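Worksheet: one structure, shown below.
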Amino acid sequence: MTILLSALVVALYSLTTTSWHELVPAFRRRVAKVNDVSRAPPLVPLTIDGVQAGEVSPVVLEALRGYPEVFQIAPDGTSVSLALRLETASFEERNAAVAKAAAGLRESGVIQKWRDEILALTTGFDAPPVLLTERRFVPLLGGRGYGVAINGWSVSPETGQEHLWVATRASDKATWPGMLDSMAAGALAAGQSPVEAAQAEAAEEAGVPAQLAASARAAGAVSYRGVDEDPVLPKNDTFFVFDLELPWDFQPRPVDGEVECFERMSVDAVAQCIAYGEALEWTGKPSGGGTPSAFKPNINLVVIDWLLRRGHVPPDAPGYLDLVTSLRHEHCR
31 MTILLSALVV
41 ALYSLTTTSW
51 HELVPAFRRR
61 VAKVNDVSRA
71 PPLVPLTIDG
81 VQAGEVSPVV
91 LEALRGYPEV
101 FQIAPDGTSV
111 SLALRLETAS
121 FEERNAAVAK
131 AAAGLRESGV
141 IQKWRDEILA
151 LTTGFDAPPV
161 LLTERRFVPL
171 LGGRGYGVAI
181 NGWSVSPETG
191 QEHLWVATRA
201 SDKATWPGML
211 DSMAAGALAA
221 GQSPVEAAQA
231 EAAEEAGVPA
241 QLAASARAAG
251 AVSYRGVDED
261 PVLPKNDTFF
271 VFDLELPWDF
281 QPRPVDGEVE
291 CFERMSVDAV
301 AQCIAYGEAL
311 EWTGKPSGGG
321 TPSAFKPNIN
331 LVVIDWLLRR
341 GHVPPDAPGY
351 LDLVTSLRHE
361 HCR
């Protein structure tokens, strides 16, 4: 049923004439929504090795008080750092201590949606990690997040028009279930390069053969600073973006259970889903009737970037330059 309804939406919006003068302002609102920090509580800086590596909310700060052997909190509650013994401990000892704290926070319910993936907490992508820890602990500590997103697209041999392969997230996903997504995406594991991650995600999520996945090309990055679904979690995330042109007769397929299905969407349909998707607040009305599905909020940036780079958005549309610059937040490096 989901596939049939989505196919109907695609057919409907593919017949419309896209009004970029209306859509670009709508796109800008989507980007602004992802960068909205108004829901975030006051944050306390987390300092490790003398450098700010993150920032924590009052709720998380109180939870960390239960682990004085790992985290040292200023008497006035205005800063948090690793306990002195860990500042001078080996990298392995530091990670082990933080792992015990993370396990305890999981048991108490502070860390939810445990992923059992190890990510690096770092002050910047090119900086060495200050520690390695559970994926869901990194945003609680206000750490920078890095991931990859792959735009899979094809050209119609009949019309010459570009179409984008769009995934529908599985209904049992811990985050943003049932929403539209890029063909493949995922977090960068500790020590993994963006190229390695992109090729792995293309294979694991979309069944792209290794030889074809190897033709994915780096296409820059998008970034944002906002809050997660849970306003306790600050988000400072960067996606390394890859483009992968696929043969028209190639069909991505769900492999690892992360995706329910894949659909090949026209540019008009993609634009309408970004602007008028039903899963986010919106007061406007789509030009065709009916309501399209919505993209996962941060993936809006990835898809908008693709539309811009492929020349689908006219540069004379109102707000074009503001849209371009809004896709890369200055604090996410």
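To get the numbering used here, take the position in the sequence shown, counting from 1, and add 30. Glycine included, each C-beta is placed from N, C-alpha and C at the ideal position. Remember, it's a predicted structure, so these values are computed and weren't measured experimentally.
Can you look up serine 356 in the DSSP assignment and give me helix, strand or coil? helix
Between the C-alpha atoms of valine 185 and proline 277, what's the straight-line distance to the nearest angstrom? 8 Å
Would you tell me roughly how many angstroms separate the C-alpha atoms of leucine 45 and histidine 193, rounded to the nearest one? Residue placement at leucine 45 is flagged as unreliable, the pLDDT there being 35, under the threshold of 50; the coordinate-derived value follows with that caveat. Each residue's Cα considered, the two are about 14 Å apart.
Would you kindly work out how many angstroms separate the C-alpha atoms of lysine 315 and serine 296, rounded to a whole number? Low confidence applies here, because lysine 315 scores a pLDDT of 38, under 50, leaving its location unreliable; read the following figure in that light. Computed Cα separation, rounded: 19 Å.
Distance, Cα to Cα, alanine 244 vs glutamine 229? 6 Å
Same chain only: Cβ atoms within 7 Å of tryptophan 50, ignoring 5 sequence neighbours per side: Val343, Pro344 and Ala347
Going by DSSP in three states, phenylalanine 292 sits in which element: helix, strand or coil? strand
Could you give the C-beta distance for alanine 236 and methionine 213, rounded to a whole number, given that I count them as a contact under 8 Å? 5 Å
CB contact flag (valine 252, valine 271, <9 Å): yes
So the candidates are Thr108, Ala93, Gly96 and Leu112; which of them puts its Cα closest to the Cα of glutamine 102? Leu112
Which of helix, strand or coil DSSP assigns to leucine 171: coil
Under DSSP, the beta strand (DSSP E) around leucine 91 begins and ends at which residues? It is not in any beta strand (DSSP E) - leucine 91 instead sits in the alpha helix (DSSP H) that spans 88–94.
Is DSSP giving glutamate 99 helix, strand or coil here? coil
Let me know the secondary structure DSSP gives arginine 255 once reduced to three states. strand
Supposed contact pair valine 289 and alanine 197 - C-beta distance, whole angstroms, cut 8 Å: 4 Å
Does any C-beta atom of chain C lie closer than 9 Å to the C-beta of leucine 242? Among the protein chains of the structure shown there is no chain C, as only one such chain exists.
Within its chain, find whatever has a CB closer than 6 Å to the CB of arginine 124; leave out the 5 residues flanking it on each side and keep chain order. Leu116 and Leu161
For glutamine 241, three-class secondary structure by DSSP: helix
Any chance you could list the beta strand (DSSP E) runs of at least 3 consecutive residues sitting entirely within the stretch 130–155, in chain order? 148–151
Contact defined as beta carbons within less than 8 Å: I believe lysine 63 pairs with leucine 210. What is the distance between those atoms, to the nearest angstrom? The Cβ separation is near 15 Å, so there is no contact.
Let me make sure I understand the geometry here. Which of Val89, Pro88 and Leu114 has the alpha-carbon closest to that of valine 100? Leu114
Taking a contact to mean a Cβ-Cβ separation below 9 Å, would you say valine 74 touches valine 128 in this structure? no
My guess is that proline 55 and glycine 307 are in contact by the Cβ rule of under 8 Å, so how many angstroms apart are they, rounded? Between glycine 307 and proline 55 the Cβ distance is about 15 Å, and since that is not below 8 Å, they are no contact.
Is the beta carbon of glutamate 85 less than 9 Å from the beta carbon of proline 264? yes
Where does the unbroken beta strand (DSSP E) through proline 199 begin, and where does it stop? Reading off the sequence shown, one finds arginine at residue 199, where the question assumed proline. Unbroken beta strand (DSSP E) run through arginine 199: 192–199.
Checking the sheet assignment: what are the DSSP bridge partners for serine 364? Only positions 31 to 363 of the chain appear in the structure, and residue 364 is not among them; the question remains open.
Starting from the Cα of threonine 118, find the closest Cα among Ile78, Glu275 and Arg339 and give me that residue. Ile78
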